[in-house]
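Below: one structure, written as C-alpha cells.
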Amino acid sequence: MNKRGTGVAFIAISAFLISAKYISASIFGSGVVSWDNSLYDAMLSYVGNTLSTFSLLALLIGIAYIAWGEYDDWKVNNKNSNE
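In my numbering, the protein residues as written are 11 to 93.
This is the structure:
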C-alpha cells in the first residue's frame, strides 16, 4: 500500500472512531423513555473523550501521509522535468 492509500485508511479509521462515539452514546441511552439535548450530552460525557482524541490523531496522521505521498510524487515529477 502506498502512502496515499495509508492516509485514506487512517482517515477512514478516524471517521469510524468518531461515529463510534455517537453510536455508543445512543446505545447507552437506548432504554431512556424521553430524549432531550442535555440527556444526550450527559450520555456523551459518560462515553468520554478517548474516541475523539484517537479520531483526531488518526485524522492528522492520515492527512500527513497524504501530504507526504503528494510531496514524494511532486519531487519525482520535478526531478524528471529538470533532466
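Glycine included, each C-beta is placed from N, C-alpha and C at the ideal position.
Secondary structure at Asp82: helix, using DSSP grouped into helix, strand and coil. Within the same chain, Cβ atoms closer than 6 Å to the Cβ of Arg14 are found at Ile76, Gly79, the five residues on either side in sequence being excluded. In the structure shown, Met11 adopts coil according to DSSP, grouped into three states. Straight through space, the alpha carbons of Phe38 and Thr60 are spaced by roughly 16 Å.
Within the model, the alpha-carbon separation for Phe64 versus Val42 is close to 28 Å. Scanning Asn47, Ser24, Asn88, Tyr56 for the CA closest to the CA of Ser34 turns up Tyr56.
Between Ser24 and Ala68 the beta-carbon gap is near 4 Å, inside 8 Å, which marks them as a contact.
In the three-state DSSP reduction, Gly17 falls in the helix class (H, G or I).
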